[in-house]
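A short write-up of the structure that comes next.
Protein chains: 2
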Amino acid sequence: MITVHHLENSRSLRILWLLEELGADFQVKTYKRNPKTNLAPEDYKALHPLGKAPVVTDGDITLAETGAIVEYFLDKFPNSTLRPHIGTPERIPYQYWMHASEGSLMSLLVLGLFLTRMETAPPFPIKQAVQIVTKKIRGFYHTPSLTSMYEYMNAELSQRTWFAGATLTGADIMMSYPVEAAAGRAGLDDRYPNILAWLERVQALPAYQRAVETGGALEAM
Amino acid sequence: MITVHHLENSRSLRILWLLEELGADFQVKTYKRNPKTNLAPEDYKALHPLGKAPVVTDGDITLAETGAIVEYFLDKFPNSTLRPHIGTPERIPYQYWMHASEGSLMSLLVLGLFLTRMETAPPFPIKQAVQIVTKKIRGFYHTPSLTSMYEYMNAELSQRTWFAGATLTGADIMMSYPVEAAAGRAGLDDRYPNILAWLERVQALPAYQRAVETGGALEAM
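These protein sequences, in sequence, are chains A and B.
Numbering-wise, the working numbering puts 108 at position 108 of the first sequence, and it's gapless, one number per residue.
Each number in the working numbering corresponds to the 1-based position in the second sequence with 221 added.
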């Protein structure tokens, strides 16, 4: 039996959506975050040495890392249309966005999250000193990198309905969490209309809506 | 013809190594970093909208994002042993480390790199104020996350020679750059002997050595 160990408001919403798309038989065990630290509770951390969401068990197998979990289930459901076959043109953007989702986009968003915390959380005058430094990092690296990525995503989605082509794939599922986070508070706004339109298409999908019903909506990180 | 657009001292060394392992026919075009900014030169940035290494062209196709490039060439060379077949036990750790490499480990290393820069580059007394804040981020998030990851990698490599099992795979190629970076200056030391022994095995491989000869050795980031 497949069990999704669902940590509220986390990357694991994508796995619920994937399993809904696949029509898989699965159960969900929900874990609440520690209200004080916002971290996973101890019984969640015990599931996998890294203690991070998502974690899925399938019989004796314990799976972690969203991209790897998506590929595992696409191996398990070989007739699904969510993974383009080898040799098709859709295969190339599929692989690109499968990896760019966490490797490039999410990595930038996490850095941005820490920069924002550093700029807002400390008391004056520490905050002021920190802002001199974070402003430099934003200026020479973070803002241009994130802007390039949004512009690239927006241009790609001017040519296609979904990230890999005319059909929804695992690449869209991978991209959903960072795009929701980016739209929530990392400057992804109406300068990038094709990305926002894609997100609306995602949120309108019945399988996505069933996943949100089960797992709860994401709050922007 | 496959062309690796090799930016010196970058993630693209992995692609040279992969192509050497596959026995692929390819050419290398090397680009020097701007000595002042350490960024890619303008003709490199023109190759792909994101302007980041690695970029590979194969005829009309332009490829970016290391994980996606690795998967592209493993699709192109289906008889290679570098990607475990669907349904084999090696397939699961293969997918895990393919995605965890950039998605989890490298993401933490990049955050650590910026924390270190913030702690060392600014003049006194800004530096002192910044260190109050970076110390907190290290304490509650960065150091425990990185330590858990190193411990997990070390434990996995106590059970197997390579990240996915008894045979070298694309997962090892993906992991090589972050592990070299971690050993260079992110606290990956002899507390983690299995990881260091794995890195020695990597560096002893003839195909890896040919890649270094072509692309130049990595300097720790």
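Each residue gets a CB set at the ideal place from its N, CA and C atoms; glycine is no exception.
A quick note: this is a predicted structure, and the numbers were derived from the prediction, not measured.
For the alpha helix (DSSP H) containing His269/B, name the first residue and the last one.
Taken as a continuous stretch (DSSP letters only), His269/B belongs to no alpha helix (DSSP H), as it is neither H nor E.
If Leu166/B and Ala267/B are in contact, beta carbons under 8 Å, what's the gap, nearest whole angstrom?
Since the first residue of chain B shown is 222 and the last is 442, residue 166/B is not available in this structure.
Inspect the beta-carbon positions of Ala274/B and Arg232/B and report whether they are closer than 7 Å.
Yes, Cβ-Cβ distance for Ala274/B and Arg232/B is below 7 Å.
Count the CB pairs spanning the segment 390 to 404 of chain B and the segment 417 to 427 of chain B that are closer than 8 Å, and state whether there are at least three.
Short answer: they touch.
With a threshold of 8 Å, are at least 3 pairs of Cβ atoms found where one atom belongs to the segment 95 to 107 of chain A and the other to the segment 355 to 363 of chain B?
Cβ pair count under 8 Å is below three, so no.
If we call anything under 7 Å between Cβ atoms a contact, is Gly436/B one with Leu303/B?
Not in contact: Gly436/B and Leu303/B (Cβ atoms no closer than 7 Å).
By how many angstroms is the C-alpha of Glu434/B removed from the C-alpha of Met221/A?
Reliability fails at Met221/A, whose pLDDT of 48 lies under 50, so the model's placement of it is uncertain and no value is given.
Does any residue of chain B bring its CB to less than 7 Å from the CB of Thr103/A?
Checking the sequence shown, residue 103/A turns out to be Gly, not Thr. Taking Cβ atoms only, chain B reaches closer than 7 Å to Gly103/A, which makes this a yes.
At what residues does the alpha helix (DSSP H) containing Ile290/B begin and finish?
Element bounds for Ile290/B: Thr287 to Lys297.
Comparing the C-beta of Glu286/B with each C-beta of chain A, is any distance below 7 Å?
Taking Cβ atoms only, chain A reaches closer than 7 Å to Glu286/B, which makes this a yes.
Closer than 9 Å, Cβ to any Cβ of chain B: which residues of the segment 166 to 178 of chain A, in chain order?
For the segment 166 to 178 of chain A, which is checked against every Cβ of chain B, not one residue is closer than 9 Å.
Closer than 7 Å, CB to CB, is Asp264/B near chain A or not?
It does not: the Cβ of Asp264/B has no partner Cβ on chain A nearer than 7 Å.
Measuring only between beta-carbons, confirm whether Ser308/A sits less than 7 Å from chain B.
Residue 308/A lies beyond the residue range present for chain A, which begins at 1 and ends at 221; the question has no answer from this structure.
Which of the three DSSP states is assigned to Lys29/A in this structure?
Looking at Lys29/A - three-state DSSP - the assignment turns out to be strand.
Please compile the residues from chain B whose C-beta is within a distance smaller than 7 Å of the C-beta of Phe114/A.
Per Cβ cutoff of 7 Å: Leu332 and Ile358.
Starting from the beta carbon of Val133/A, find every residue of chain B whose beta carbon is closer than 7 Å, and list them in chain order.
The contacting residues are Met339, Pro343, Ile347 and Val351.
Taking its Cβ as the centre, do 16 or more other Cβ atoms sit within 10 Å of Phe124/A, making it buried, or is it exposed?
Classification of Phe124/A: exposed, given that the 10 Å Cβ count is below 16.
DSSP on Gly386/B, reduced to helix/strand/coil?
The answer is strand: DSSP assigns Gly386/B an E or B state.
Within 10 Å of its beta-carbon, does Pro78/A have 16 or more other beta-carbons around it, so buried, or fewer, so exposed?
Answer is exposed; the Cβ neighbour count stays below 16.
Which residues bound the alpha helix (DSSP H) around Leu334/B?
Unbroken alpha helix (DSSP H) run through Leu334/B: Ser328 to Thr341.
Taking Glu242/B as the reference, give the member of Asp411/B, Pro414/B, Thr390/B and Ala438/B with the closest Cα.
Of the candidates Asp411/B, Pro414/B, Thr390/B and Ala438/B, the one whose C-alpha sits nearest the C-alpha of Glu242/B is Thr390/B.
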